[in-house]
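Counting from 1, position 166 in the sequence shown corresponds to residue 166 in UniProt numbering; the numbering is continuous, with no gaps. Input: a single structure, listed below in structure tokens.
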Amino acid sequence: MLDKIKQKAIIALLVERINNNNLWASPFFLQKAVFLLQELCKIQLGFNFYINKHAPFSDELQDIILEMRIDEILKQESNHLKPGNLIIGINGTQVISKLKEKPESEINVVIKIMCQYPPSSLEHLTSAIYVCKSPIQFRKSKSDILRHCNPFISKEESIQVINDAQQLINSITIPTKKQTA
């Protein structure tokens with residue numbers, strides 16, 4: 001697990017990249033992005049996620065985001081087109097610069113996924129990834145568990161989303177950094 005300074009720097013870098021790709025970085029959208037970064041890309045940020053209101057959520061991450069806003073690493077943009085959008089605050093660039101190794105490849109994977117799905121589909125996908133990666137063995141099928149978490153999803157759609165999530169989990173490869181002598 002990373003220390004809080006590195007956690008904040010990686011989250012700030014992620015917000016910066018989300019903004020650079022013209023995506024909406026609301027606190028709930030950011031929860032999904034950090035979940036993908038941690039669970040699919042194996043960046044050990046140390047957040048514990050659970051399903052809350054149809055998508056993975058971390059109380060610890062919510063607290064860190066609030067701390068980052070208080071410390072002016074992030075700020076909430078006043079934009080009627082993107083209400084609640086988080087952007088880099090006056091101290092954000094300084095925090096990002098403290099990262100010796102930036103997880104660029106991993107963040108690029110997350111951004112690519114987030115660009116491919118509208119927010120509601122991303123909610124279903126991240127929930128499906130959570131269900132697929134859960135170490136707990138259930139008596140119900142994964143699609144039934146997903147439907148329990150997301151009651152507005154049909155049986156057919158839940159099966160498709162579980163299949164998509166499993167394919168995504170199996171297909172993620174992060175390019176390794178070249179080693180120098």
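Note that the Cβ used here is the ideal one computed from N, Cα and C, for glycine as well.
Residue range of the unbroken alpha helix (DSSP H) whose run includes I65: D59 to I70
Candidates I153, D59 and N108, of which the one nearest E16 by Cα: N108
Close beta carbons around L146, own chain, < 7 Å, minus the five adjacent residues each side: S127, A128, V131, I153, S158, V161 and I162
When I5, L66, W24 and I11 are compared against M114, the one with the closest alpha-carbon: W24
Spatial neighbours of Y117 in its chain, beta-carbon cut-off 8 Å, leaving aside the 5 residues before and after: L125
Counted within 10 angstroms of its Cβ, other Cβ atoms place D59 as buried (16 or more) or exposed: exposed
C-alpha gap between A9 and Q94, whole angstroms: 9 Å
Residue range of the beta strand (DSSP E) that includes K75: L74 to Q76
Beta-carbon separation (whole angstroms), I73 vs G92, contact threshold 8 Å: 5 Å
Residues near L36 in its chain [Cβ-Cβ closer than 7 Å; skip 5 each side]: V110, I113 and T126
Inter-residue Cα distance where the pair is N48 and E39: 10 Å
Assigned secondary structure, I172 (DSSP; H/G/I helix, E/B strand, else coil): coil
Burial state of N150, where buried means 16 or more other Cβ atoms lie within 10 Å: buried
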